[in-house]
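Be aware that the sequence shown starts at 304, since it is given in my numbering, and climbs by one per residue.
Right, one structure below, let's go through it.
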Amino acid sequence: MKMMFESERIDLAKTVKKMFDRKDTNVAGGNMSIKVFDQDGHPYILITPSFMSETYYSELHPAQILVIDGLSLEKIDGVGTVTREINMHEQAYKAHPDIRCVYHSHAPESMFWATIGQDMPNVTEVTRELGRIRCLPFAPACTKKLADTVYDGLKKLGDKAVENVFLLNSHGILVTASELHIAVRIMETLEWNAKIAYQQTIFIKLGLLNDYQSCGQNYKEPLPNGTIPPIALPECNKINIPQKFHKNLTRPNFEI
Ligand SMILES: [Zn+2]
Numbered sequence: 304m305k306m307m308f309e310s311e312r313i314d315l316a317k318t319v320k321k322m323f324d325r326k327d328t329n330v331a332g333g334n335m336s337i338k339v340f341d342q343d344g345h346p347y348i349l350i351t352p353s354f355m356s357e358t359y360y361s362e363l364h365p366a367q368i369l370v371i372d373g374l375s376l377e378k379i380d381g382v383g384t385v386t387r388e389i390n391m392h393e394q395a396y397k398a399h400p401d402i403r404c405v406y407h408s409h410a411p412e413s414m415f416w417a418t419i420g421q422d423m424p425n426v427t428e429v430t431r432e433l434g435r436i437r438c439l440p441f442a443p444a445c446t447k448k449l450a451d452t453v454y455d456g457l458k459k460l461g462d463k464a465v466e467n468v469f470l471l472n473s474h475g476i477l478v479t480a481s482e483l484h485i486a487v488r489i490m491e492t493l494e495w496n497a498k499i500a501y502q503q504t505i506f507i508k509l510g511l512l513n514d515y516q517s518c519g520q521n522y523k524e525p526l527p528n529g530t531i532p533p534i535a536l537p538e539c540n541k542i543n544i545p546q547k548f549h550k551n552l553t554r555p556n557f558e559i
């Protein structure tokens with residue numbers, strides 16, 4: 304017998320293991336979820352279980368991907384317990400109807416910027432589309448305060464919430480995206496950007512650079528329209544990609 308959302312759960316289990324092995328999160332935690340719909344349009348959240356990293360090292364059977372009813376928020380299928388951080392996922396999905404993936408990780412290079420409580424300078428071409436890489440005010444892990452902080456932060460972004468990353472102060476990273484594989488791309492390119500920005504900081508301190516550089520100019524100078532291509536859809540078996548994908552995401556000026 305087929306499991307509910309079998310192909311999506313297989314894909315999520317495979318992806319989470321790959322990301323763990325690539326050190327895009329650590330053994331202390333992290334979790335991934337996607338939002339899917341049945342034929343009647345009823346929403347569900349598919350999410351990795353509690354202790355995904357600590358106990359299972361992200362080696363999950365697809366049956367361990369939990370199915371949560373998107374309206375009642377009850378677990379209706381899957382082996383394992385629901386992570387306490389699910390409140391953050393729920394609030395993120397609530398913030399914008401087109402968010403279809405929430406990826407929370409403890410990736411090492413980005414954690415540096417998260418722990419100093421500062422925005423990460425956005426310097427690489429591939430991450431420029433993310434705009435400002437904002438560090439949210441501190442709120443303890445798993446609390447309602449953290450979930451509400453994420454919700455408030457996403458609400459301010461308008462449609463950009465569908466393609467965004469927040470640094471969670473002293474804790475980790477939260478990517479929101481329209482699709483699982485886009486979230487993965489955002490997470491890993493963010494890690495490269497974190498390391499490169501740190502290296503640029505050293506050059507600035509050495510007096511070899513005046514300020515952070517990106518795309519041939521100071522990283523704070525806006526780029527002419529059309530310079531940076533939008534984040535591309537991956538060439539995969541387009542599981543869970545919404546029918547109407549946002550073409551030209553607009554973002555508030557303070558986010559650029
Ligand atoms: Zn966490």
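Note that the Cβ used here is the ideal one computed from N, Cα and C, for glycine as well.
Here the structure is a predicted model, which is why all the values come from computation and not from measurement.
Annotation: the continuous beta strand (DSSP E) that includes N334 extends over N334 to F340.
Within the same chain, Cβ atoms closer than 7 Å to the Cβ of G383 are found at P352, S353, Q367 and L369, the five residues on either side in sequence being excluded.
Closest in alpha carbon position to V468, among D451, E491 and P365, is E491. For F308, there is no enclosing alpha helix (DSSP H), as DSSP marks it with neither H nor E. In the DSSP assignment, L457 falls within the unbroken alpha helix (DSSP H) covering K447 to K458. Secondary structure of S413 (DSSP, three-state): helix. Distance from the CA atom of D422 to the CA atom of M304, rounded to whole angstroms, is 48 Å. In the DSSP assignment, A366 falls outside any alpha helix (DSSP H), carrying neither H nor E. With fewer than three CB-CB distances shorter than 8 Å, the region 469-476 does not count as touching the region 498-509.
Boundaries of the beta strand (DSSP E) harbouring V405: C404 to S408, taken from the DSSP string.
Relative to the Cα of I485, the nearest Cα in the group I402, P527 and K447 belongs to I402. The continuous alpha helix (DSSP H) containing K397 extends over residues I389 to A398.
The alpha-carbon separation between P424 and T446 amounts to approximately 28 Å.
Relative to ligand 1, the beta carbon of A450 is positioned no closer than 8 Å to any heavy atom. Taking a cut-off of 8 Å on C-beta distances, the region 322-330 touches the region 404-417, as three or more cross pairs fall below it.
DSSP places R437 inside the beta strand (DSSP E), whose first and last residues are R437 to L439.
Using a Cβ distance threshold of 9 Å, V405 and S473 do not count as a contacting pair. Taking a contact as a CB-CB distance under 8 Å, the pair V339 and M391 does not count as one, their CB atoms being some 19 Å apart.
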